[in-house]
Each structure stands twice: as C-alpha cells, then as structure tokens.
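The sequence shown begins at 659 in our numbering and counts up by one.
Beta carbons are placed, not taken as given, at the ideal position from N, Cα and C, and that holds for glycine.
This one's a predicted model, so the numbers in the text were calculated from it and none came from an experiment.
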Amino acid sequence: MEHPVLRFLEDHPFVRLVVPLMAGIVVADAGDGFCHIPYIYVLSALILVGAMMCIAHMIHSWDRRALFGTLSLLFFFTVGFACCSWHWRKVQIAWPSAPQVYEGRLTDGVTPKARSFLCPLRLTARWEGDTCRPLDTDILLYLPKDSAVAALKVGETVRFHGTVKSPTNFTPEFDYVRYLLHRHVTGTLYTRHWQVADTSSVGWKARALQEREKLLAYYRRTGVTGHEGAVLSALTLGYKNELSEEVRELYNVSGASHVLALSGLHIGILCTVLTFCLALFLPGGRCAHMRRLLVLPLVWGFVFMVGLPVSAIRAVVMFSLLMLGNSFTRVGFPLNTLALTAFGMLLYNPFYLFDVGFQMSFAAVASLLLLQPWFEGLLPRSRYAVVRYVWSLTTVSLAAQIGVIPLILFYFSRFSPYALVVNLWVVPLTFVIVCLSVPFLLLSLLPLPALQEGVGWLLSRLIALMNGGLAWCNRLPGADVGHFSFSLPEVVCLYATLFFLFYGLVHRKKQAVVWVLVCLCTGVFCRLFA
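Shown next, in the form of structure tokens:
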C-alpha cells in the first residue's frame, strides 16, 4: 500500500515544485543574491541540470525515477536561486554622491508623516547637464508639508533636485534596509526643490490607483470618515494609510487584523455575492458554467478598481484557477491550486516570499485546506442549520489560526487567546459589511446623494459595532499575551511539530502523537524556564 505522504505528493505536483523553488530563493537571499557570482554561471548550472533531467527522463527504467526526481528538485532550486539573484542585482544601485536632477512618476498616494509627506516614486530619468540617463527603480521621496504636495495625484511626474541615498538601518532589532530592498525600494531622499513635470498617468497601476482615489473621495463625500471610514477603506479598497495606530492596535491585539487586509476572505465574499446576483438572472444548473465565467471579469474589475493590491491579486488568481477548473469539469485539488498560485507569483517576484502578508495568507489558506475538513468531521452532522453554521465557522477560524500562530509569534511576539471567539464575531460582521459595500460602491455611479449617505451611515454603524466588540474583548483579562521572542529555527520546529501532530491524529498513529506531545511539552518547559 502506498504511503499517505507519497500519495499526497503525487496528487499535488506543484507542492513538490514550489518547495525547492522557495529553498533556492532563501539560499540566494541569505547571500544577498551572491552578486559577486557571474550570472552566466547560474544560467549554465540551470541549463546543465535541465539537460541532465531530460536525459534521466528518457531512460525508461524504474531505478531512474529517484534520479529524475532529484534532478527535478535541483532544477527548480536553481530556478529559484537564479530568479532571486536577478532581482538582487536590480536593487544593487550605487547612487551618485553629488546632487542630481531626477525625474520620476508617483506610484501611490501621498502619505502624511510627522514632518513631511511620503511620496512613493518610480524613477524614470537622471539628468547630468544636458544628458538624460534612463532609470527604472523605486525610491521613497520625502517632500515638505504644504498644500501643493498634498494635491499630488498618482501617475503625475515629478522633477526634483537632491542626493538619493541608499537605505540605512535605524535600530539593530529591525533590518529596514532589507525590508525596503525586498520591495524594490533602492533609495530615499528629502528635498524642498521639486516641481510637477507632467500630470498624465502612465500604466495600468497608475490608472487603477486613480480609480481608488475617486472611491476614497466618494467615501468622504458620503460621510464615511474617521475610524469607521479608515476601516471601510481597508476592508473594501485595501487602503490602510488612514488607519490610526489606535485602530491598528485594536485589531492586532484582538487577533482580527487579517480582516483589514484585502485578501482571500474578502474576495471569497465578493465571489459569493456576485454568484448569487447572477443566479437571479441566470438560474438553473445549465447556466452554472456561464455564471462562473461571468464572475471572473467582475472580480478582476473590482481588484483593478481598488488599485491592484498584491494580497487581492494572489487571492483572485487562486479563485480564478478554481473557477476555471470547475467550469471545465476538471476535478482538482485546492491545495495544488494554492501551490500553483504561489509558484507563479514567486517566479514573477521572488521577494514576495519575504512579505509577511504573503506568508500569513498562504499559511492560513494551506492550514484551512488541510485541517478544516478533519476538524469538521470530529462532530456528527447536526440537523439544525444554525449549529452547522456555527461549527463550520469555528473550524474555519481554528484551522486558519493554527496555520498563522507560529508566524504571529515570530513577527509580533504576541498572540490573543480570544482570537477564536473574536473571529466568530468579526467574520460574519465582515461578511455583512462587504455585502453591503457592493451596492454602496455601485451607487457611486448614480446621482442619488440621499441614498448614498443612508447606506454610508449604515456601514459606519456596523463598523462602529465591530470596533466596539473588539474593544470589549481587548479589556478582558489575559487578552494580550505578549513578550515572546521566537527565532526562525524555533518557528520551523513549531511548524514541524504541528505537522507531525496532525499527521498522527489524522492517520491514527497513537505512538507518534504521544512522542510529539512529549517533545512539545519538553520544548515548552525548556522555553519557559531556560
């Protein structure tokens, strides 16, 4: 009988491919891309391993399967290494020490800081006298606080004079330089000498962000402002610049910060709402494929309208693959689709792997797909719909929380014991808010100010209710368990322990479960009293 792990890997081929790809990215990033290694050597290794893999595949012998599998892993490890090395070369820029005239395009909205305005900029040119040298890199431009800077729009071209400097670390606890380089930000600059060179928008990203700015103005115009407006902007538009530290802390402490990131939860709700609406016009099972195919452009249009945030893109890519598979009657595995989504995104930008949102999103979804069916099967199916709904919501929240707890301990050194209860309150309320936001956004196309303000007031009251519930939970004793400091090896060991524990539970390996629990208790004891 075939081993369950081997059968799982055969059913999920992209899981086998994405793991060595991520390993190659991690190794290359650990050495800052090994920029001193000539890139031709990396390409030569890639070609050599690919040729050896083809030769092994041509030999139709059973004992060559291990060789082919090993070469496949090595090939995708080299692919990940090469992609990461290429991106590290793109962010290694030696800036001139003397002041220069630069030109760049605003890639996101202007963010107010304590003493200046932050303007994310894509540099397009550097002027040396009468000579214009093209550039293609991102920097953070800081401009003085005045009304002219606040009026800058996404897509406008700014010309300025100053000295761009490479990022520097402010504290030893946080590697700010690597944080910016992983986002392809290669320099910073504060200057008072600037002017608008061009007001025309360029590119899909700029147009998408301009559409988002219009919707943000619509929110303010209809009275959805303050903390409620900031939360609604984050929930529906992925815009978090208006969130105050008070609101961020409220959601972080309660364990509900995931609802502020426009990701799989919100895209799933949107797909459900759109499918229900289309079912009113295209009823019946024969139109099911047509409904799925119509939902895709609508969801992609929504993601474009909210500015193409990365978290929403990865969610809608996965939903698109699942819907296309169902439309063409292909029985697939959702976890394999998730791995395919991660594989494609990491090939496009290997630095996504080091994004906290990327890690937590995929960890939560993977844990959900692996653990939630098992959790739900622990209790017999109830004949009461309310009981089934509450139990299903509990298992979904529990599975997702288990997947992200190690990352929360590593990045934030805290966790909320009431997160499971909080999500039983927050997730249904988020569903109602997102559903109500769909007609609210559609009303922006109609000249009905009274109706717009009425729906906006209702949304504000719902968000105030959600914030009030979170504030009450945060006042409970022991709501914020902090002061943890987990290292990366400890997080890896924690994930390995959880994997072996649930593997033993699912496959009823009692001896394995006992040994895992003993090791877990020993580790906790050593961690607390070392």
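Item                                                                                                                                    : Value
Residue interval of the alpha helix (DSSP H) (run including W1193)                                                                      : Past the boundaries of the shown model lies residue 1193; the chain is included only from 659 to 1188, so the question cannot be answered.
Assigned secondary structure, F818 (DSSP; H/G/I helix, E/B strand, else coil)                                                           : strand
C-alpha distance - Y1010 paired with A892, whole-angstrom precision                                                                     : 21 angstroms
Strand pairing of R791, partner residues [DSSP]                                                                                         : R784
Validate contact between the stretch 839 to 849 and the stretch 1076 to 1092 using beta carbons, cut 8 angstroms, 3 pairs               : no
Cα-Cα separation between V835 and L1103, rounded to whole angstroms                                                                     : 43 angstroms
Assigned exposure category for N626 - 16 Cβ within 10 Å defines buried                                                                  : Since the displayed the chain opens at 659 and closes at 1188, residue 626 lies outside it and no answer follows.
Cβ-Cβ separation, F1020 to A1000 (assumed contact under 8 angstroms), whole Å                                                           : 6 angstroms
C-alpha distance - F1070 paired with V911, whole-angstrom precision                                                                     : 10 angstroms
Beta-carbon gap between I683 and G738 smaller than 9 angstroms                                                                          : yes
Between the CA atoms of G896 and K872 - distance to the nearest angstrom                                                                : 14 angstroms
Span separating the alpha-carbon of A1154 from that of P1064                                                                            : 11 angstroms
Terminal residues of the beta strand (DSSP E) in which T844 lies                                                                        : 843 to 848
Three-state secondary structure (DSSP) of W720                                                                                          : Summary for W720: the model assigns pLDDT 47, below 50, so the residue's position carries little reliability, and this model does not support an answer.
Buried/exposed call for R747, threshold 16 Cβ in 10 Å                                                                                   : exposed
Host alpha helix (DSSP H) of L1037 (start-end)                                                                                          : Looking at the DSSP string, L1037 is not in any alpha helix (DSSP H), and its letter there is neither H nor E.
Which listed residue (Q1030, P1135, D687) has its alpha carbon closest to that of L839                                                  : D687
Reduced DSSP secondary structure (H/G/I, E/B, other) of R763                                                                            : strand
Own chain partners of V1096 with C-beta closer than 6 angstroms, once the 5 adjacent residues on each side are dropped                  : V931
Backbone CA spacing between F866 and V1090 [nearest angstrom]                                                                           : Correcting the residue identity first, residue 866 is Ala in this sequence and not Phe. Cα to Cα, A866 sits roughly 26 angstroms from V1090.
Whole-angstrom distance between H924 and V1113, CA atom to CA atom                                                                      : 19 angstroms
DSSP three-state assignment for Y1010, whether helix, strand or coil                                                                    : helix
Contact between the stretch 1120 to 1133 and the stretch 1023 to 1042 (3+ Cβ pairs under 8 angstroms)                                   : no
Sub-9 angstroms separation of L764 and A864 beta-carbons                                                                                : yes
W852 classed as buried or exposed, judged by whether at least 16 other C-beta atoms fall within 10 angstroms                            : buried
Span of the alpha helix (DSSP H), counted from its first residue to its last, around E1111                                              : 1107 to 1132
C-alpha distance - C1177 paired with Q1059, whole-angstrom precision                                                                    : 22 angstroms
Check whether G887 and S1074 have beta carbons under 9 angstroms apart                                                                  : no
Beta carbon of F633 nearer than 9 angstroms to that of L1027                                                                            : No answer is possible for residue 633: it lies beyond the span of the chain, which begins at 659 and ends at 1188.
Alpha-carbon spacing of A752 relative to W862, whole angstroms                                                                          : 29 angstroms
Contacts around P671, its chain only, beta-carbon distance under 8 angstroms, and the 5 residues preceding and following it disregarded : N994
Neighbour-count burial assignment, F734, 16 or more Cβ in a 10 Å radius                                                                 : buried
I927 to A973 span [Cα, whole Å]                                                                                                         : 12 angstroms
Close beta carbons around S774, own chain, < 8 angstroms, minus the five adjacent residues each side                                    : Y800, L801, P802, K803, Y848
Contact check, F625 vs L1152, beta carbons under 9 angstroms                                                                            : Nothing about residue 625 can be read from this structure; the chain reaches only from 659 to 1188.
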